[in-house]
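Enquirer: Before I ask anything, let me first share the structure, which is written out below as structure tokens.
Number of protein chains: 2
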Amino acid sequence: MKLTANKIAGILREKGHKLTPQRRAVLKTIAATCDHLTPEAIFKKVKQDNPDIGLVTIYRTLDLLSELHLVCRVHALDGCRSYMMRRPTEHHHHMVCSQCGRVVDFTGCSLADLEQRLSEETRFEINGHLLEFYGLCPDCRPVTT
Amino acid sequence: MKLTANKIAGILREKGHKLTPQRRAVLKTIAATCDHLTPEAIFKKVKQDNPDIGLVTIYRTLDLLSELHLVCRVHALDGCRSYMMRRPTEHHHHMVCSQCGRVVDFTGCSLADLEQRLSEETRFEINGHLLEFYGLCPDCRPVTT
DNA sequence: TTGTTAAATGAAAACTATTATCAATTGTAA
DNA sequence: TTACAATTGATAATAGTTTTCATTTAACAA
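So the protein lines, in turn, are chains A and B.
Heads up: the first sequence begins at 61 in the numbering used here, then just goes up one per residue.
Heads up: the second sequence begins at 61 in the numbering used here, then just goes up one per residue.
This is how it looks when you write it as structure tokens:
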């Protein structure tokens, strides 16, 4: 079951937030791509259909959507702020192509054991982790004849 | 065997880079703390003994040291640019306290299997990963009577 | 030592990314 | 439809980082 832009719009409204054309547009744009997008990139795309939107609104909207866990923030190797749709709600991570920026989700990080071990060894109360793989996607990797 | 600031200075020189008082100072400062430090924080500390140093030099030095793998860059949850000494050369990761910023290294991330699996499933040529745990360190976690 | 030279430095300006302010606008629920 | 709080866009402010360039300096050879 894919989360369509429409359903998400409903969720947003449910949580007591207004559904403005600008938010609609941002959601639509993010939902339309599998890549991660920087605020600037989203701004440019949204502007095509929505020439009057301001960059500030993009930032505000991203903060909101992110807070509602509708989109998630990707730490790329260079920039630290890219966003993409949050697929269902399953815990997952990203694999980022360092050349073209393509992002592939994966699940099953199996870090529970490690988390347990670390928690015991360091007495940290662990509440999250960041895991990303970097490499070259099939299109960018050197051809192997 | 700890890498002292002195030894590192030698390495730096070996690689054909000059050993300036500014670089010495930056190294000394990073080596003196176990926490991760932002460029700004390093700047302030270095300035105490070296009032004429410019912030730009800090940035340049950090880029250089980072390139030489003498220091490593930590992605904190908020800022994306903090640096700390690279302990020996072993592959390791960080556990960051979200409250006080304390950083603890850990090794044995055991991601090799996962990497293998992902590599097969996605045809990515994987060449690195970023793994960090977040939580509250013993000093910051709520007291459990 | 001293001289030479490429590398490094600091100051200033330029950029880029992000946030705050505020008056005008608008979605929502009554 | 109205009322009102939430949202928006413009602008300015701020923060973080990079570029430029003239000056200084570490390293090496003589």
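Ideal placement from N, C-alpha and C gives every residue a C-beta, glycine not left out.
DSSP on residue 103/A, reduced to helix/strand/coil?
Expert: helix
Enquirer: Name the one or two DSSP bridge partners that residue 186/B has.
Expert: Looking at the DSSP output, residue 186/B sits in a beta bridge with 195/A.
Enquirer: Pick helix, strand or coil for residue 165/B, following the three-state DSSP scheme.
Expert: strand
Enquirer: So which residues of chain B does residue 144/A contact, with C-beta pairs closer than 7 angstroms?
Expert: The contacting residues do not exist; residue 144/A stays about 16 angstroms from chain B at best.
Enquirer: Return the CA-CA distance between residue 111/B and residue 154/B, expressed in angstroms with no decimal places.
Expert: If you take the alpha carbons of residue 111/B and residue 154/B, they lie about 32 angstroms apart.
Enquirer: Listing by chain order, which chain A residues have their CB less than 7 angstroms from the CB of residue 185/B?
Expert: 195, 196, 201
Enquirer: Note down, in chain order, all residues in the segment 86-106 of chain B with a beta-carbon under 8 angstroms from any beta-carbon belonging to chain A.
Expert: none
Enquirer: Report buried or exposed for residue 74/A, applying the criterion of at least 16 other Cβ atoms within 10 angstroms of its Cβ.
Expert: exposed
Enquirer: List the residues that DSSP assigns as beta-bridge partners of residue 142/A.
Expert: 134/A
Enquirer: If I measure Cβ to Cβ from residue 71/A and keep anything under 8 angstroms in the same chain, skipping five residues before and after, which residues do I get?
Expert: Answer for residue 71/A: 128, 130, listed in chain order.
Enquirer: Between which two residues does the beta strand (DSSP E) holding residue 153/B run?
Expert: 153-157
Enquirer: Can you list, in chain order, the residues of the segment 165-183 of chain A whose Cβ is nearer than 9 angstroms to any Cβ on chain B?
Expert: 166, 168, 169, 170, 171, 173, 174, 175, 177, 178, 179, 181, 182, 183
Enquirer: Is residue 195/B buried or exposed, if buried means 16 or more other CB atoms sit within 10 Å of its CB?
Expert: Buried, by the Cβ-count rule.
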